[in-house]
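Colleague: Below: one structure in structure tokens.
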Amino acid sequence: MLGAPTRGGVCNGRQSGFSRPALLGLVVAVGAAGAMWFYMQKELATTRAELAAAREQMKQLQADAPDTKEVTKLRAQVREAESLRKEAEELPKLRGEVTLLRKDKAVFEQAKAENAQLREWAIRLQAENAAVRGQNQSLAQAAASPAATAQTEQTRKAICIANLKQIDGAIQQWALENKKQATDSVELKGVLSYLRGSLLPRWGMCSRRRWKTARSR
């Protein structure tokens, strides 16, 4: 009878070793393996693309990175700037020291000038002392000689007379310009302004006598 399975046919299917569940499991396994393979290929492609992008980025970074010489130059500039900053911080201190040195120099120059002036005065004083000693020796020699003593006395008298005339002239001029009378007292301050140097002449002994005489008029 057609369409009816025979016993022998069933036995042939079993002898082939593949039942429907087995075939279905095999198909599922093959599909899963294929899907896994495609997934792995996709992941591998993605990884390769990311790696290529990373390499490209690395090249770009290397290209953009500064040159070693430029970095060295920049570091040198930084060190120079730091040195300049320190010098700028020390500048006020250095200026203060310079100011002190200038003051010390000014004091030294002043002391030097004063010392030079003192030396000049000392030399002048020595010369004057030598002149005085010479005059004293001359006076001593003159005192030892009677003729010289008489001449010195005459000289003194002549000087005294000249001084008296000078004082009398000053008194007359003072009295005339200030409209003084003969009975008015003579004022020393007023008369001095008419004398040479506003001082009484030397050899004041004769001058004082004449002054007393003038005041007693």
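Under the numbering used here, the letters of the sequence shown match residues 6 to 222, in that order.
Beta carbons: idealized from backbone N, C-alpha and C, even for Gly.
Since this is a predicted model, take the numbers as computed values, not measurements.
1. What residue range is occupied by the uninterrupted alpha helix (DSSP H) comprising LEU197?
2. With DSSP run on the structure shown, which of helix, strand or coil describes ASN168?
3. Any idea what DSSP makes of ARG12, helix, strand or coil?
4. Using 8 Å as the threshold, is the segment 164-177 in touch with the segment 187-204, meaning 3 or more CB pairs across them?
5. How many angstroms separate the CA atom of THR104 from the CA atom of ARG90?
6. In this structure, how does DSSP classify ALA187 when only helix, strand and coil are distinguished?
7. Mind checking LEU205: buried by the 16 CB within 10 Å criterion, or exposed?
8. Quick check: ALA175 and VAL196, are their CB atoms within less than 7 Å of each other?
Modeller: Here's the rundown:
1. Locating residue 197 in the sequence shown gives position 192, counting from the first residue. Residues 193-197.
2. As a position in the sequence shown, residue 168 is number 163, starting the count at 1. Helix at ASN168.
3. On the sequence shown, residue 12 is found 7 positions in, with the first residue counted as 1. With a pLDDT of 44 at ARG12, under the threshold of 50, the modelled position of this residue cannot be trusted; read the value that follows with caution. Helix.
4. Cβ pair count under 8 Å is three or more, so yes.
5. Working through the sequence shown from its first residue, we reach residue 104 at position 99. Working through the sequence shown from its first residue, we reach residue 90 at position 85. If I take the Cα positions, the gap works out to 22 Å.
6. Your numbering for residue 187 matches position 182 in the sequence shown. The answer is coil: DSSP assigns ALA187 none of H, G, I, E or B.
7. Here the question's residue 205 lines up with position 200 in the sequence shown. A buried status is given to LEU205, since no fewer than 16 other beta-carbon atoms sit within 10 Å of its beta-carbon.
8. Here residue 175 corresponds to residue number 170 of the sequence shown, with the count starting at 1. Here residue 196 corresponds to residue number 191 of the sequence shown, with the count starting at 1. Yes. Within cutoff.
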